[in-house]
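Notes follow the structure.
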Amino acid sequence: MYRSAVLGCGPRSYKHAAAYRGLDEMQLVVACDMDRDRLDKFGDEFGVDERYEDLETMLKAEQPDVLHIITPPMIREQPMELAASYGVRGILAEKPIALTPSQANKIDDIAARSGMKVAVNTQRPYFSTSQGLKQVLDDKKIGELAFVRCVTKGNILSMGPHMLDLLMFFLGGAKPDSVWACARGWNGEDYGHPAPQNVLARFTYPDGLVVYLEDAEDCIGTPGETDYWQHFELDFWGSNGHAWWLQNRDWGYQCEDMEEKFSAPSLWSVDEEPGQREFTRAMAHWLDDDSKVHVNCLENSLDQFNQIMGIMVSALTGEKVALPANAEDEVVSQLKKKLR
């Protein structure tokens, strides 16, 4: 059984820890947070007796196999470097994986040098509802895909990683070769996700597929949804029909030869904890067997981050950008200046 540790005991850590209920492959044994009150509250809630206020002290004493990094995104590469030096084998990190290209490059280098396996907590591919739609698309029940529309609220670094990750999952790992984007406003400084506030992006793929992404406060998201963060929708149009996945409402499809659509609930309250559990379990399977690569592996997350940087380059220059984008850190600061 793999021994796991948590770094950061804020609200998101409770979702990570709850996923250990029913996990046979891993055990949460230690927690770390600089805030003692927060650390003790978390430890008491989940029965974690080993508690530390310093990461290096914890790593040296406890030697965990897996480390959950549940910190603001500006704190990513530092704990990863320490974890690698103390023999941690797997990292489960919150999204976004990075805020700038240089930070992403440092994280990529740490993982490559150490051989440490890293997965990013964009967990929706492990929802049973997502896997149901994935099977429909894989079976080509709606024919060859021609157009996809993705819509979510939140900025491009808060909900964008989730959307681009789920899109890649549904498309079987396909990667776009270009992006054109425009943006308006800038926000997220208050919660550590500084990014364009409203984005419209058009991705093209080598096979001719076109994907439109709306990631904006004022987008038209899930109809009837009142929770801001639950606005999350993907629609797929194929040569033989239409399929969809709407968070907290339903997923389904309808082909030309179907008199009625098929649909089933996709409720967040039902999907979230089992999905987080399977996301976590997948790290154990990957540690057991190199061929069982985590769906949310670092390689995929870095590619999705590069797509976000491509969006920023395009929004800054007003031009179509070839992917992968060759973006520098200055793009972020220049776009911020332009949009504020």
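Just so you know, we're using my numbering here: the sequence shown kicks off at 741 and counts up by one. All C-beta atoms, glycine included, are put in the ideal place defined by N, C-alpha and C.
Rounded to the nearest angstrom, what separates D1028 and A745 at their Cα positions? As the crow flies, the alpha-carbon of D1028 is around 18 Å from that of A745.
Could you give the residue range of the alpha helix (DSSP H) that holds T869? The continuous alpha helix (DSSP H) containing T869 extends over residues 868 to 878.
Using the rule of at least 16 other Cβ atoms within 10 Å of the residue's Cβ for burial, across every protein chain shown, is Y968 buried or exposed? exposed
Look at the alpha carbon of V950 and the alpha carbon of F909, and state the distance between them as a whole number of angstroms. 16 Å
Please classify F867 as buried or exposed, where buried requires at least 16 neighbouring CB atoms within 10 angstroms. By the neighbour-count rule (16 or more Cβ atoms within 10 Å), F867 is buried.
Identify the residues that DSSP records as bridge partners of G900: which are they? In DSSP, G900 forms no bridge with anything.
Does the beta-carbon of Y760 have 16 or more other beta-carbons within 10 angstroms, so that it is buried, or is it exposed? Under a 10 Å Cβ-count criterion, Y760 is classified as buried, with 16 or more other Cβ atoms of the shown protein chains found around its own Cβ.
Minimum length 3: unbroken beta strand (DSSP E) runs contained in the region 837 to 861: 857 to 860
Test item: CB-CB of S753 and I810 under 7 Å: yes
Which one of A1024, L974, P916 has the shortest CA to CA distance from E765? A1024
Of the choices Q863, V858, G748, M856, whose alpha-carbon is the least far from that of W1008? Q863
Excluding five sequence neighbours on each side, which residues of the same chain lie with their C-beta closer than 6 Å to the C-beta of L974? The beta carbon of L974 sits closer than 6 Å to those of C890, W985, all from its chain and outside the five residues before and after it, given in chain order.
Could you pull out every unbroken beta strand (DSSP E) segment of at least 3 residues lying fully inside the region 770 to 818, listed in chain order? 790 to 792, 806 to 809
With which residues is R707 paired in a DSSP beta bridge? Within the shown structure, residues of the chain are numbered from 741 to 1080, placing residue 707 beyond reach of any answer.
If you check the beta carbons only, do Y945 and P916 fall under 7 Å apart? The Cβ atoms of Y945 and P916 lie closer than 7 Å to each other.
Just verifying my parser: in three-state terms, what is the DSSP assignment at N1040? helix
Taking buried to mean at least 16 other C-beta atoms within 10 Å of its own C-beta, is G961 buried or exposed? buried
Indicate the three-state DSSP secondary structure (helix, strand or coil) for T892 in the structure shown. strand
Check each candidate in A851, N980, G925 and name the one with the smallest Cα separation from E1039. A851
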